Amino acid sequence: MPDAPGLELIRGEIERDRPGAVLATSFDRGQAALIVDPVQVIDVLTWLRDTPGQRYRFLSSLHVADYLPAEPRFGVHYELLNRDRVERIRVKAMLADPEGDALPEIDSCVELFPTADFQEREAFDFFGVVFVGHPDLTRILLPEDYVGWPQRRDFPVGGEPVTFTYNERNYG
Amino acid sequence: MADTRLSEDLTKEVMTVNIGPHHPATHGVLRLIVDLEGEVVRDLKPVIGYVHTGIEKSCEDKSYWKVIPFVERMDYVSYFFQMEAFCGAVERLIGLEIPPRAKYLRTIFLELNRIHSHLVWLGTTALDLGAISMLWYCFRERDRILDLFEMAAGQRMHTRYFQVGGVIEDIPLGFEQKLRSFVEDMPVRVGQYQALLDRNEVFLQRTKDVGVVSRERLLELGVTGPLLRAAGEPWDLRKTFDYLAYPELDFQIPVGTVGDNYDRYRVRVAEMVESSRIVGQALDLMEEGPFIADDRKYVLPPRSELSTSMESLIHHFKLVTEGFRVGPGEIYYAIESPRGELGCFVLADGSAKPARVHFRDPSFVNLQAFRDMAMDSYVADMICSLGMLDPILGGVDR
């Protein structure tokens, strides 16, 4: 992990190249995180991946967390890893929930990190976060005709009726 | 090379074939949609999700200590690793240090589980290639490991042995002796497997130069674990990150050179020997002491105190009914599972239940490399490559 001053150095360098891209930093329990502007997330990821001296070339994990009731609500997490220095850094883009049936959107990083393919599909499947530019953004674990985004915090556990043939036949 | 091998094809027509989801050779409920030209795979798409049970969602409805048995059931062959990933993440969230003996006990059980997982892999994969006797040999040793699990935890699988703060119970009398005899036997057994397979003509023809994917491509695809090490990349979280007792133990990271299915086999088999070395050393270095942390806010008081101490009874009652609260924060904790980087992300919102539990399952990520492994090879080699990939569909689908 970069330590707290190291994280601020990284922030400063990104700020010079891409002004306004990093909104905040957090250093908590030994883990460094950059909170970035969702529009510029690909710029920041590219910078972290390709800048000499940084080279966070391995994307360990991409996942989404729902911070309800906080606003903006969805956090897209990128766990980056520099294998030479054995350092992890988390890039976090916070997305607001748009009005009505619209879905939150963020640019896909599949071209940058091919490993994100399945993981972006999983995030779309469970949270309804649209990764713009993903080659095949379809549901991956749930059935393709499933309605709803079940890992959102406002989706109830057991919110789905289970139909048993016995009940259907006798009481349906 | 591909051209000379594949010059006999009689047809140019591409046919799409469905394999699975219920097929013994897919090692779980995995469906493959394969485009075949003759017997050659020209395109492939894995379809997953058949055993998705919403474990991550269910975890959000359980207090922290009740999540442990849930996460164990994701990757049902390496359950100790899921427990360690989750318990370790929660311990780091609350800043709870576990006692040295607990670290060693956990290391011992993790490495036993690694041997167990590799044995299941070796038995079933060799079975795919026609070596039926390997299955019986591997499951014979696997049973000894399960006996050890049963002796220590009372369960053969899904033991719930790890707790937040340590392990639930110390190892019983006679366990150490039994474990030592296993650790002494295991390298000999591995030698016997190698005598059967290493220079076996059929095995060599089926695995040598099959399913090769370059190291760069594997890294792009996020592949970790024995698959990556077989391609020559000595990347192992046990060496690079500091967790449990691994920094104090002396062990080696086996690597391959070519990255074909034969190297994948060799790396895993060598890992079994290394794991038994680790267990032996951990037994030697482990000292007497508490096996679980003493912080009563997070750890159940000893059973014997409940009838004499009111305070212990209150702690017990609070922990069992409500569970413990974890201050707001988030953590990503990754360990080296038998299949690669197993990461656990926990988001705490200050209540007694996690707001999000996410597992970065190595099988799920590694499965993306399967298309690269199987492209332009025979169907039969595709089955071999799938076995060597070693996906556990419970972990893939969660």
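As given, the protein sequences belong to chains Y and B, one line each in that order.
Those letters in the first sequence? Residues 1451 to 1622, by this note's numbering.
Those letters in the second sequence? Residues 4 to 401, by this note's numbering.
Don't be surprised by glycine CBs; every beta carbon is placed ideally from N, CA and C.
Just so we're clear, the structure is a prediction, and the values are computed from it rather than from any experiment.
- Per DSSP, L199/B is not a residue of any beta strand (DSSP E); the alpha helix (DSSP H) it occupies stretches across 178 to 200.
- The continuous stretches of beta strand (DSSP E) do not include D212/B, and DSSP gives it neither H nor E.
- Beta-bridge annotation (DSSP): V276/B is not paired with any residue.
- DSSP places V20/B in the strand class (E or B) of the three-state scheme.
- Neighbours of D1567/Y across chain B, judged by C-beta separation under 8 Å: Q371.
- Counted as a single uninterrupted DSSP element, the alpha helix (DSSP H) harbouring Q1569/Y occupies residues 1566 to 1577.
- DSSP links P357/B through a beta bridge to A351/B.
- Distances from the CA of P103/B to each of D245/B, E290/B, V216/B were compared; the closest alpha carbon is that of E290/B.
- Chain-ordered, the chain B residues with CB closer than 8 Å to the CB of F1508/Y read L222, G225.
- In the displayed model, S380/B falls within coil according to three-state DSSP, outside both helix and strand.
- Close partners of L1591/Y in chain B (Cβ separation under 7 Å): I51, G52, H55, D400.
- Taking a cut-off of 8 Å for Cβ pairs, the stretch 226 to 244 of chain B and the stretch 340 to 354 of chain B touch, as three or more such pairs fall below it.
- The Cβ atoms of D1516/Y and F1577/Y sit closer than 8 Å to each other.
- The beta-carbon distance between V261/B and V213/B, rounded to whole angstroms, is 10 Å. This is too long to meet the 8 Å contact definition.
- When CB distances to chain B are screened at a threshold of 8 Å, the residues of the stretch 1518 to 1546 of chain Y falling below it are H1527, E1529, R1533, V1536, R1538, R1540, in chain order.
- Per DSSP, reduced to three states, the secondary structure at R1540/Y is strand.
- Interface with chain B (8 Å Cβ-Cβ cutoff): D1500/Y is excluded.
- In the structure shown, E223/B falls within a helical segment according to DSSP collapsed to helix, strand and coil.
- Closest in C-alpha terms to E75/B, from the list F327/B, L99/B, R159/B, comes R159/B.
- Burial check for V349/B: the Cβ neighbour count within 10 Å reaches 16 or more, so the residue is buried.
- For the pair V399/B and S354/B, the CB atoms are not nearer than the 8 Å cut-off.
- W68/B is outside the set of residues whose beta carbon lies under 8 Å from a beta carbon in chain Y.
- For Y67/B against V167/B, the beta-carbon gap comes to about 6 Å, under 8 Å, which counts as contact.
- Given a length threshold of 4 residues, each whole run of the alpha helix (DSSP H) inside the stretch 1468 to 1550 of chain Y is given here in chain order: 1491 to 1500.
- Taking all protein chains shown into account, M313/B has fewer than 16 neighbouring C-beta atoms within 10 Å of its C-beta and is therefore exposed.
- In the three-state reduction of the DSSP assignment, D393/B falls in the coil class, being assigned neither a helical nor a strand state.
- H1513/Y belongs to the set of residues whose beta carbon lies under 8 Å from a beta carbon in chain B.
- When the alpha-carbon of F142/B is set against those of E236/B, M86/B, S120/B, the nearest one is in S120/B.
- Residue environment: V302/B is assigned as buried (16 or more neighbouring CB atoms within 10 Å of its CB, all protein chains considered).
- Inclusion of R147/B and S278/B in the CB contact set at 8 Å is not warranted, their separation being larger than that value.
- Judged by DSSP in its simplified three-state form, V123/B adopts helix.
- Under the Cβ criterion (8 Å, minimum of three pairs), the stretch 178 to 194 of chain B counts as touching the stretch 281 to 290 of chain B.
- Beta bridge pairing from DSSP links A337/B with G346/B.
- Taken in chain order, the members of the stretch 326 to 337 of chain B whose beta-carbon sits within less than 8 Å of a beta-carbon on chain Y are G332, E333, I334, Y335, A337.
- It is roughly 23 Å from the alpha-carbon of G1598/Y to the alpha-carbon of P49/B.
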